[in-house]
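Just below is one structure, and these are the notes that go with it.
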Amino acid sequence: MNSDLLRKIIEGALLAAGKPVDIARLENLFDEDERPPRDQIRAAIEEIQADCTGRGFELMQVASGYRFQVSQELSVWVNRLWQEKPKRYSRAMLETLALIAYRQPLTRGDIEAVRGVAVSSDIIKSLQEREWVRIVGHRDVPGKPALYATTKIFLDYFNLKSLEHLPALSEIKDFAELDPALELALAADPVPPSVAANDESPVEEDALFQLSEQEDGVNSNDSSMIEKYFETNMDDHQDSATADE
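In structure tokens:
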């Protein structure tokens with residue numbers, strides 16, 4: 001197939017899909033007798049990515065495939081499309097998400113044991129409704145508590161190809177490292193008041209410090225890094241998500 005036509009087809013499909021599209025789905029756009037080799041599709045994608053350099057948008061590969069999104073450095077200006085600033089998540093929400101992301105699979109009891117306080121049902125419900133967290137099984141102990149883990153949608157929101165691309169706790173010094181794109185998504189899909197307002201009583205031991213202590217090279221100065229990490233990325237994420245909608 002002509003390379004120019006192939007690029008146009010891929011660009012059109014990605015724009016029309018409104019969500020990440022993987023190579024297999026792109027292959028299915030073509031009849032079997034005209035289907036280009038997978039290597040040719042990948043080459044076309046790389047050309048499109050190169051053409052986006054210096055533009056206001058980019059072609060990003062995430063866990064579920066490829067998508068067009070607003071360039072992350074433009075989030076400060078693009079955010080102004082929304083009159084009201086989205087409500088922020090509470091520290092409890094950020095800690096819960098961080099613990100699940102870095103130590104999955106976890107039960108609700110595991111999270112409570114680290115945080116030192118009960119985990120609100122609203123927090124778990126909100127994470128599940130956003131499809132960032134799902135039940136992946138049940139622990140074989142009395143009561144069969146659910147085990148929670150992150151999803152592909154979680155990875156997509158944070159511009160990650162896989163969990164292996166989460167930065168090591170010892171490497172997180174600037175929380176803008178991970179996709180600064182969540183605020184735009186939250187403006188279009190506000191945080192439920194019960195979750196935003198749910199600021200549980202202070203924990204006796206900093207849950208994030210306990211988590212960071214388990215990683216080599218992290219010291220007490222990094223005790224709140226993961227909380228800030230997710231908060232920063234939520235502040236800026238809506239431009240990439242909105243580009244998908």
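Note that UniProt numbering has the sequence shown beginning at 1, numbered continuously upward.
Idealized CB from N, CA, C, for every residue including glycine.
Note that the C-beta distance between residue 44 and residue 105 is not below 7 angstroms. In its chain, beyond the 5 residues on either side, 20, 21, 22 have a beta carbon closer than 6 angstroms to the beta carbon of residue 65. By a beta-carbon distance limit of 8 angstroms, residue 96 contacts residue 123. Their separation comes to about 5 angstroms. With a cut-off of 8 angstroms on Cβ pairs, the region 25-35 is in contact with the region 1-14, counting three or more such pairs. Residue 79 and residue 120 have their C-alpha atoms spaced approximately 30 angstroms apart. Just so you know, the alpha carbons of residue 168 and residue 39 end up roughly 32 angstroms apart.
Taking 8 angstroms as the upper bound for CB-CB distance, residue 14 and residue 101 are not in contact here, some 27 angstroms apart. The closest CA to that of residue 156, considering only 3, 62, 1, 51, is found on 62. Using a Cβ distance threshold of 7 angstroms, residue 48 and residue 26 do not count as a contacting pair. Taking C-beta atoms under 8 angstroms as the contact rule, residue 142 and residue 108 fail to qualify, at a distance of about 15 angstroms.
If one requires a minimum length of 3 residues, the beta strand (DSSP E) runs lying completely within the region 55-122 are 57-62, 65-70, in chain order. Counting of Cβ neighbours within 10 angstroms places residue 2 among the exposed residues, the total staying below 16.
Setting aside the 5 residues that flank it on each side, residue 52 is surrounded in the same chain by 58, 59, each with a C-beta closer than 7 angstroms to its C-beta; the list follows chain order.
Taking each of 126, 159, 93, 50 in turn and checking the Cα distance to residue 117, the smallest one comes out for 93.
In the same chain as residue 127, and ignoring 5 residues on each side of it, the C-beta atoms closer than 6 angstroms to its own belong to 133, in chain order. Residue range 38-51 is occupied by the alpha helix (DSSP H) that includes residue 43.
Residue 148 has 106, 135 as its beta-bridge partners, per DSSP.
Closest in C-alpha terms to residue 46, from the list 67, 35, 34, comes 67. Listed in chain order, the non-local C-beta contacts of residue 152 below 7 angstroms within the same chain comprise 63, 64, local neighbours out to five positions each way being set aside. Straight-line measurement puts the Cα of residue 130 at about 25 angstroms from the Cα of residue 77. For residue 139, the CB contacts under 7 angstroms within the same chain, skipping 5 residues up- and downstream, are 107, 145, 147 in chain order.
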